[in-house]
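Structure first, commentary second.
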Amino acid sequence: TQLLEQSPQFLSIQEGENLTVYCNSSSVFSSLQWYRQEPGEGPVLLVTVVTGGEVKKLKRLTFQFGDARKDSSLHITAAQPGDTGLYLCAGPRYVNNNAGNMLTFGGGTRLMVKP
Amino acid sequence: NAGVMQNPRHLVRRRGQEARLRCSPMKGHSHVYWYRQLPEEGLKFMVYLQKENIIDESGMPKERFSAEFPKEGPSILRIQQVVRGDSAAYFCASSPKASNQPQHFGDGTRLSIL
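Chains A and B are the protein sequences, given in the same order.
For this note's numbering, count along the first sequence from 1 and bump the result up by 37.
For this note's numbering, count along the second sequence from 1 and bump the result up by 3.
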């Protein structure tokens, strides 16, 4: 069973600071997805990275997929209180060595941005 | 998360009772996935269904839990004889026919066992 480990688990920063959260695995993933989840709601997809070394930007968020496709990072520039939430990475859950459509999730990074 | 509708949003049951959680996928989506989330944790896959078929239930406990997605109506996750450890948020997601398509999540059902 492939595992995704996220770090840090918790992060509390001041508005305007930069931060990076990580998603690591010993397994190769064909793609990784990043979600943001707010209290009382379901996860909302932010981005999917597919190619090793790929970098995608979404306003102040920068996502990178490792060259070996075993890890990914999310960098937030000039964090704002609205960025507060649980950030989850997820990848295809393999069944009999085939990537299925189900997802395996990391444990998440809970981010709090203080005004 | 408009589109995937889950109900009820909150469900309280006493130990030994049954819990039924419903999920209506987005229009045009025929693949449904159920996940469970314990407090302060990520989501854990439970079961993957298509209309009238269970495709993969490898993440679902062998006893007390069952799921269905009938030809008509919502998908149902059923938990019999609930225990305190079943307290969690249960999320449903759906995707279109093609595989490797993004999943859209509902806002979950929060199950509390007294």
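From the three backbone atoms N, C-alpha and C, an ideal C-beta is built for every residue, glycine too.
Model, not experiment: these values are computed from the prediction.
Rounded to the nearest angstrom, what separates residue i and residue j at their Cα positions?
i: B/R67; j: A/K93; result: 43 Å
i: A/P129; j: B/K47; result: 12 Å
i: B/V35; j: A/L82; result: 16 Å
i: B/C26; j: B/V85; result: 19 Å
i: B/D110; j: A/S63; result: 31 Å
i: B/N4; j: A/R73; result: Annotation note: pLDDT 46 at B/N4 (below 50); position unreliable, coordinate value reported separately. Going from the Cα of B/N4 to the Cα of A/R73 covers about 12 Å.
Taking Cβ to Cβ, would you say residue i is nearer than 8 Å to residue j?
i: A/L6; j: A/F100; result: This structure leaves residue 6 of chain A out entirely; chain A is present only between 38 and 152.
i: A/L41; j: A/T141; result: yes
i: B/P105; j: B/S115; result: no
i: A/P152; j: A/E78; result: no
i: B/I58; j: B/A70; result: no
i: A/L56; j: A/L69; result: no
i: B/A92; j: B/Q40; result: yes
i: A/D104; j: A/C60; result: no
i: B/P73; j: B/E55; result: yes
Excluding sequence positions up to five away, which residues of its chain have a Cβ less than 6 Å from the Cβ of residue i?
i: A/R106; result: V65, F66, G89
i: B/L117; result: R17
i: B/Q83; result: E21, R67
i: A/G144; result: Q43
i: A/E91; result: F102
Once the 5 residues before and after residue i are set aside, which same chain residues still bring their CB inside 7 Å of it?
i: A/R97; result: I113, T114, A115
i: B/G31; result: P99
i: B/G62; result: K47, F48, M49, V50
i: B/S33; result: Q53, K54, K100
i: A/T85; result: S68, Q70
By Cβ distance, which residues of its chain are closer than 8 Å to residue i, with the 5 residues on each side in sequence left out?
i: B/R87; result: R18, I116
TODO: For the stretch 76 to 102 of chain A, enumerate the residues whose C-beta is nearer than 9 Å to any C-beta of chain B, in chain order.
DONE: Taking 9 Å as the Cβ-Cβ cut-off against chain B, the residues of the stretch 76 to 102 of chain A that qualify are G77, E78, G79, P80, V81, L82, T85.
Task: At least 3 beta-carbon pairs within less than 8 Å: the stretch 45 to 53 of chain B vs the stretch 16 to 23 of chain B - done: no
Task: Members of the stretch 48 to 70 of chain A that neighbour chain B once the beta carbon cut-off is set at 7 Å - done: none
Task: Validate contact between the stretch 119 to 128 of chain A and the stretch 17 to 34 of chain B using beta carbons, cut 8 Å, 3 pairs - done: no
Task: Near-chain A residues of the stretch 41 to 52 of chain B (beta-carbon distance less than 8 Å), N- to C-terminal order - done: E43, E44, G45, L46, K47, F48, Y51
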